[in-house]
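Chemist: Got a structure for you, questions after.
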Amino acid sequence: MSRYRLQPTPSQEMALLDHCGHARFVWNLAVEQHTHWRPGRKSAPGFAEQCRQLTQARAEFAWLRTGSVVVQQQALKDFAQAVARFFAGTHHRPTWRRRGRGEGFRIVAVRSSDVRRLSRNVGEVKVPKVG
8 MSRYRLQPTP SQEMALLDHC GHARFVWNLA VEQHTHWRPG RKSAPGFAEQ
58 CRQLTQARAE FAWLRTGSVV VQQQALKDFA QAVARFFAGT HHRPTWRRRG
108 RGEGFRIVAV RSSDVRRLSR NVGEVKVPKV G
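Numbering (our numbering), first residue to last: 8 to 138.
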């Protein structure tokens with residue numbers, strides 16, 4: 008996995024913070040759904056069901072629709088992996104994410120055309136809906 012230090016413009020910084028907020032919102036909704044699950048009840052929704060619910064929520068709420076679906080679905084995928092690790096007994100239960108503490112998001116399936124080296128220490132990375 009590659010990590011990059013970004014130097015965004017002010018408008019790009021706002022868009023990146025929106026991505027962080029959308030990823031946090033989707034993660035926290037998934038945590039809330041799983042806190043209502045108890046043994047003996049019908050199972051909590053999995054990744055596929057949560058993606059369907061995300062599609063419905065994006066159709067209903069314009070502010071959620073402005074964000075990148077790639078970022079939002081990756082937050083759900085990360086949550087599903089966290090739940091699997093919890094039930095495997097290797098990690099703690101996934102918890103709420105708070106604003107301003109370790110915020111971030113992941114983008115996967117980046118094509119080689121999305122990353123371009125300009126010099127030895129400087130490059131460009133294309134982020135969905137940011138540029």
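We treat Cβ as the ideally placed atom computed from N, Cα and C, and that holds for glycine. A quick note: this is a predicted structure, and the numbers were derived from the prediction, not measured.
Could you say if the segment 75 to 87 and the segment 49 to 64 meet the contact criterion of at least three C-beta pairs nearer than 8 Å?
Modeler: In short, these stretches touch, since the Cβ pair count reaches three.
Chemist: In chain order, what are the residue ranges of uninterrupted beta strand (DSSP E) at least 3 long that sit wholly in the segment 99 to 128?
Modeler: The qualifying runs are 122 to 124.
Chemist: Which ranges would you report for the beta strand (DSSP E) in the segment 32 to 72 if only whole runs of at least 3 residues count?
Modeler: Here no run is fully enclosed.
Chemist: So, at 8 Å on beta carbons, what are the nonlocal neighbours of Leu125 in its own chain, with the 5 sequence-adjacent residues on each side left out?
Modeler: Result list for Leu125: Glu131, in chain order.
Chemist: Is it buried or exposed, Trp103, if we count other Cβ atoms within 10 angstroms and call 16 or more buried?
Modeler: Result: exposed.
Chemist: Can Cys58 and Gly111 be called in contact, C-beta distance under 8 Å?
Modeler: No. Outside cutoff.
Chemist: Apart from the five residues just before and just after Arg31, which ones in its own chain have a Cβ nearer than 6 Å to its Cβ?
Modeler: Counting only Cβ-Cβ distances below 6 Å, and skipping sequence neighbours, we find Arg104.
Chemist: Taking the Cβ atom as the reference point for each residue, do Val77 and Ile114 lie within a distance shorter than 8 Å?
Modeler: Contact: yes.
Chemist: Assign Val132 to one of three DSSP states: helix, strand, or coil.
Modeler: Note: Val132 maps to strand in three-state DSSP.
Chemist: DSSP three-state label for Arg12, please.
Modeler: Of the three classes helix, strand and coil, the one that applies to Arg12 here is coil, per DSSP.
Chemist: Over what stretch of residues does the alpha helix (DSSP H) that includes Val90 continue unbroken?
Modeler: Looking at the DSSP string, the run of the alpha helix (DSSP H) that includes Val90 is Val76 to Ala95.
Chemist: By a C-beta neighbour count over all protein chains shown, 10 Å radius and 16 as the cutoff for buried, is Ala95 buried or exposed?
Modeler: So Ala95 counts as exposed.
Chemist: By how many angstroms is the C-alpha of His41 removed from the C-alpha of Ala64?
Modeler: Taking the straight line joining both Cα atoms gives about 18 Å.
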